[in-house]
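A.B. asks: Residue numbers (the working numbering): 159 to 285.
Positions of the beta carbon are idealized from the N, C-alpha and C atoms, including for glycine.
In this text the structure is predicted, and so the values were computed from the model without any measurement.
1) By the DSSP assignment, the beta strand (DSSP E) with residue 278 in it spans what residues?
2) In this structure, how does DSSP classify residue 187 when only helix, strand and coil are distinguished?
3) Nearest-angstrom Cα distance between residue 179 and residue 164?
4) So what does DSSP say about residue 227, is it helix, strand or coil?
5) Below 8 Å on the Cβ atoms is my contact criterion, and I expect residue 209 with residue 271 to pass it. Report the Cβ-Cβ distance as a whole number of Å.
The structure is reproduced here in structure tokens:
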């Protein structure tokens, strides 16, 4: 059985639950924290430019704007077998890179192709 927060405090302090509760109360400490509303992050646009290197050298000019709240999908079209390895994951990783500040899952070669990246978003109603 999992102990409550108060039971854990009392055990570690070597006090009864009642003593621990009274001691915490005297110091203005309670087990419950005030709940805060979870902020809403809405990506409003994703843009990046660069040049793909390797066997094929193609310019990259990606722009996805006028996004709003809701569920969006990054997909590729066509059933020619060329719908894989076309950058779907890279788009998501670029967004995460901009939000985190470091490119954890973005492949090094893809990152080296990029000259310019911009992700715009709203946090609650702030830009």
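C.D. replies: If we stick to the structure as given:
1) 272-281
2) coil
3) 7 Å
4) coil
5) 6 Å
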